[in-house]
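**Student:** Mind looking over this structure? Questions follow.
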Amino acid sequence: MAQLMMCPSCKNDIAPGEQYCRNACFVTPVPKPSADEATAPLQEPAPAAASSVPAAQAPACGDPDCPHGGRAPAAGCRACGRAGAPTAKGTTLRFDWGTIPVPQDGPLVVGREDSPVAGRLQNHSNISRKHAEFRTTADALTVRDLDSMNGTFVNGRRLDPGQTTPLRAGDRVRFAADVEATVTGETT
Amino acid sequence: MTHIDVVAVTHRGRQRDYNQDTVAVAGFQSGVLEGQPVRFAIDPVRPVTCLVADGLGGLAEGARASRVAAATITDAAPLFHDQDAVVRAVHQANDAVYAEMALTPAWSGMGSTVVLLVLAGDRAICANVGDSRCFLLRDAHLVQLSQDDSMTPAGEETIATVVTQALGGTPRPTAVTPHVLETEVAPGDRFLLCSDGLTDELDVERIEEELVKAADPRSAVSALLRAALDAGARDNVSIVLVTVPEPPAEPTGTAQEGNLP
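Protein sequence lines correspond, in order, to chains A and B. The numbering of the first sequence is our numbering, which starts it at 1 and goes up by one. The numbering of the second sequence is our numbering, which starts it at 189 and goes up by one.
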């Protein structure tokens, strides 16, 4: 028996051999699921549809044309449509009270001692003296928790101490309970 | 105030896995894989700009070039009161494609055609680079307003023409000279913008016939897309049909005056 086909858009049945939905949908037909699996999600769309929808693999950046093959773009990846410069150069951390650039040549330590933001953090006793460290490489920005007492969080998820985690523009990094910074690709 | 009626669609066709075409209508842009005709009613308080850009180059790069070109021109569209502004925007789009190309070596050589139509008051400005076309349907006759930048390889009977000018399209920045044509707009005029995916599959007489016999703009675009798909649709198909409203039976001016107390 010929495989029954349907329009994935308007759900109408489509005769086998038809190349597109003539119900003004113009969508490539997909195999119609049989009655017992009608409620299950369609596992195998038509080959043409599968090859033509690279987005089905859900690239992390959401760009089907992603030149990085769907990997999460580095902070400031302009190619993926994120704000910022083509490289991580110019990546900054935006706090409530101002913006701190991440230097190209060395790590940026956030904490209450030996840190360019130490003065701003004196009132936050829940932040460790050396809390977290940011580094830029040629095309990525990373953060590492320096075994802080109360933890470093990226978009609400606590990092394991010592674990190096890549960041993207727009990520929110929280230090202990109530100091938060947003990663931006803008130059200030 | 009567509105300008635009129906637009872009579709990957039946051979390509990607849609490298981009259409834009009054600031709305689409490069969707398998689009359906969408109808717009546009208040001509601003210049009304519609465009079709057909990306050239392997895989996704052509799509990228056509999106960049379309977005750049669309951004400048509110200022399209004269030919100079339109030409300037086309040059900016060319620059933008080369700027995008410089980001990644793999994108070297990506390019896009563009054909755009601006309705500004009673004037229409048509500009194009490459082989995407603009036609005017007036008195049931289809006239091409754009000027193709393409040539058929000598001695070959083929639809595979070579585009001689495009936005981007070469590894090194190259200037473009858009073809520009300005004309009067008459009530009831219909303008058709399309990529070569339509004109390669259907000859001009067939397009004219479909437009003339269709009951309304939406069914006209559906009929054209259906015909192109049935003919094989080897390339991406994009169609934008712009309809200038007919004046109402009685002139609006006097009608409004008559309603005044």
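Backbone N, C-alpha and C fix where the C-beta goes; we use that ideal spot for every residue, glycine too.
1) Hey, does A:Y20 have any beta-carbon neighbour from chain B nearer than 7 Å?
2) At the level of alpha carbons, what is the spacing between B:R378 and B:L369?
3) For B:E372, count the other beta carbons within 10 Å of its own beta carbon; 16 or more makes it buried, fewer makes it exposed. Which is it?
4) Run through DSSP, which three-state label would B:G299 get?
5) Determine, using beta carbons only, whether B:S410 comes closer than 7 Å to chain A.
6) Against chain B, does A:A58 count as a neighbour if the rule is that its beta carbon must be under 7 Å from one of theirs?
7) Counting pairs of Cβ atoms below 8 Å between the region 380-396 of chain B and the region 147-165 of chain A, do you hit three or more?
8) What in chain B is Cβ-close to A:A24, meaning under 8 Å?
9) Do B:G376 and B:D423 have their C-beta atoms closer together than 7 Å?
10) Expressed to the nearest angstrom, what Euclidean distance is found between the alpha-carbon atoms of B:A257 and B:V233?
11) Give the DSSP-derived three-state secondary structure of B:T190 in the structure shown.
12) DSSP on A:M149, reduced to helix/strand/coil?
13) Quick check on DSSP: helix, strand or coil for B:S338?
14) Using only CA atoms, which one of A:V102, A:V30, A:A176, A:R22 lies nearest to A:N126?
15) Can you list the residues of chain A that B:L417 reaches, using a CB-CB cut of under 8 Å?
16) Quick one: Cα of A:E113 to Cα of A:T137, how far?
17) If you measure from the beta carbon of B:R422 to each beta carbon in chain A, is any gap under 7 Å?
18) Which value, in whole angstroms, describes the spacing of the CA atoms of A:A56 and A:P31?
19) Report the rounded CA-to-CA distance for B:V317 versus B:Q353, giving the unit in angstroms.
20) Determine which residues share a DSSP beta bridge with A:E133 and list them.
21) Would you report the Cα separation of B:R200 and B:E249, rounded to the nearest angstrom?
22) Pull up the distance between the alpha-carbon of B:A229 and that of B:V195, whole angstroms please.
23) Mind checking if B:R202 is an interface residue toward chain A, Cβ cutoff 7 Å exclusive?
24) If you draw a straight line from the alpha carbon of B:R414 to that of B:V240, how long is it in whole angstroms?
25) Evaluate B:H329 with the Cβ neighbour count: other Cβ atoms within 10 Å of its Cβ, from every protein chain shown; 16 or more gives buried, anything less gives exposed.
26) Expressed to the nearest angstrom, what Euclidean distance is found between the alpha-carbon atoms of A:M5 and B:Q217?
27) With H, G and I counted as helix, E and B as strand and the rest as coil, what does DSSP make of B:T210?
28) Where A:H124 and B:D283 are concerned, what is the direct C-alpha to C-alpha distance, given to the nearest angstrom?
29) Who are the Cβ neighbours of B:A212 in its own chain at under 6 Å, not counting the five residues just before and after it?
30) So for A:N12, helix, strand or coil by DSSP?
31) If contact is defined by three or more beta carbon pairs under 8 Å, each pair taking one atom from either stretch, is the region 292-300 of chain B in contact with the region 393-407 of chain B?
32) Measuring alpha carbon to alpha carbon, tell me which residue in A:S148, A:P29, A:A2 is nearest A:D13.
33) Does any C-beta atom of chain A lie closer than 7 Å to the C-beta of B:H191?
34) For B:D242, write down the residues that DSSP places opposite it in a beta bridge.
35) Please classify A:V109 as buried or exposed, where buried requires at least 16 other C-beta atoms within 10 Å of its C-beta.
**Tutor:** Let's see:
1) yes
2) 16 Å
3) exposed
4) strand
5) Yes, its Cβ sits closer than 7 Å to a Cβ of chain A.
6) Summary for A:A58: the model assigns pLDDT 39, below 50, so the residue's position carries little reliability, and this model does not support an answer.
7) no
8) Q224, P225, S410
9) Result no, Cβ atoms of B:G376 and B:D423 do not sit closer than 7 Å.
10) Straight-line spacing of the CA atoms in B:A257 and B:V233 works out to 24 Å.
11) coil
12) coil
13) Reduced to three states, the DSSP call for B:S338 is strand.
14) A:A176
15) Q19, Y20, F26
16) 24 Å
17) no
18) Reliability fails at A:A56, whose pLDDT of 37 lies under 50, so the model's placement of it is uncertain and the value that follows must be treated cautiously. Each residue's alpha carbon lies about 17 Å from the other.
19) 6 Å
20) A:V109, A:R144
21) 15 Å
22) 9 Å
23) yes
24) For the pair B:R414 and B:V240, the Cα-to-Cα distance works out to about 19 Å.
25) Exposed is the call here.
26) Looking at the two C-alpha atoms, the distance is approximately 31 Å.
27) strand
28) 49 Å
29) L239, A258, T262
30) coil
31) no
32) A:P29
33) no
34) B:D209
35) buried
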